[in-house]
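Contents: one structure, followed by commentary.
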Amino acid sequence: MKNFLKRFLPVGVRRLPIVRFLPRILYASSYYNRRYWEILKWGFRSREDSNFTYDLTDLNIQYLAWALSVATRKTYSEIHGYLQEARNDFELQRHVIEMARKPGQAYAADPRCVFGRRLGWYAVVRAMKPRAVLETGVDKGLGAVLLCSALLRNSEEGYDGRYYGTDINGEAGYLLCRKYRRFGEILYGDSIQSLKRFRGTIDLFIHDSDHSAEYEYQEYQTISGKLGRKAIILSDNSHVTDRLAVFSLENGRRFLFFPEVPKDHWYPGGGIGISFCVDG
Ligand SMILES: C[S@@+](CC[C@H](N)C(=O)[O-])C[C@H]1O[C@@H](n2cnc3c(N)ncnc32)[C@H](O)[C@@H]1O
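Per the numbering used here, the sequence shown runs over residues 20 to 299.
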């Protein structure tokens, strides 16, 4: 288009805003057009209608490792190793795919196993060896089963830990079964109520339930007195609200945001809000 205008129109005309309008619009939309192709493919191929699954781009995985190495004070190589460990866990993949294929599941899920930003959650569990991991919002249990697979590996290395998931939906968590179930449990009911009842120290807290800013903040306030000395808080909502950043500021914690970049998927991506202790 640019060459065409150059060839056939005099400079004075080419510079007119009305003439430049179309090429500029075409150029800008070229950044988004492939999304429509991805939407079409997904429309035909996928059964998912929420909580979409996808892999991350290779570059994004590298940046995830860097971000987590800052928050956990571990090396890039160690964290990157954990991310790869989760991506290459074929037994876990088989488990997730098999469960997703089972007829009569309450959730529409694609028969494949990709974790997106949850890989970062996994790496934090592997790096920090927490004794108690609490995730609010379980849904199918993709995060739950991944976190329990990290706890399973930790236990093989001599570090015990337990997962607690909360969900208001009594059908949530079907992926958390078989050998992974030994490492965790789901507390059914409203998250805030479950958090209030929770006795014990939380080493890793993940917010992924009701994503209103008020509810998210209320969860942090509810667990604030139950956090371990080196506790890490992750938010699945920091691409939308600033609640974890604000909570971190109010409580003398550090905050980082990792934006995820989905691979071959139309979804623009969420991210991980990461709140950690300065001298943890
Ligand atoms: C985004 S999904 C969680 C995804 C999950 N963490 C994963 O890794 O796939 C949100 C979940 O939060 C649950 N939820 C919404 N409001 C809630 C509340 N007030 N208390 C507990 N769970 C809630 C929903 O039932 C839903 O399963």
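Glycine included, each C-beta is placed from N, C-alpha and C at the ideal position.
Per DSSP, the unbroken alpha helix (DSSP H) holding T91 starts and ends at 77 to 91.
Under the DSSP definition of a beta bridge, L153 partners with Y183, F224.
Looking at the backbone, the Cα of P149 and that of I44 are separated by about 51 Å. Between ligand 1 and the CB of E154, the shortest heavy atom gap is smaller than 7 Å. Unbroken alpha helix (DSSP H) runs of no fewer than 4 residues, entirely contained in the region 102 to 170, are found at 109 to 120, 137 to 147, following chain order.
Going by beta carbons, G184 and I205 fall inside the 8 Å limit. Between ligand 1 and the CB of G292, the shortest heavy atom gap is not smaller than 7 Å. E235 sits buried, since 16 or more C-beta atoms from the chains shown fall within 10 Å of its C-beta. Distance check between R248 and each of I37, Y51, G271 places G271 closest, using alpha-carbon atoms only. Taking each of L75, I98, T76 in turn and checking the Cα distance to W85, the smallest one comes out for I98.
One Cα belongs to A151, the other to G292, and the distance between them is close to 19 Å. With a 10 Å radius around the Cβ and a threshold of 16 neighbouring Cβ atoms, L87 comes out buried.
For ligand 1, a non-hydrogen atom lies closer than 7 Å to the CB of V157. Excluding sequence positions up to five before and after S65, its CB lies within less than 6 Å of the CB of D129, all in the same chain and listed in chain order. At a threshold of 7 Å, L161 counts as near ligand 1, since its beta carbon sits closer than that to one of the ligand's heavy atoms. Checking the 7 Å criterion, the Cβ of I205 is out of range of every heavy atom belonging to ligand 1. Here V133 is buried, its C-beta having at least 16 other C-beta atoms within 10 Å. Distances taken from the Cβ of R216 to the heavy atoms of ligand 1 include none shorter than 7 Å. Shown here for T260: same chain residues with a beta carbon closer than 7 Å to its own, the five before and five after excluded, namely A232, E235 in chain order.
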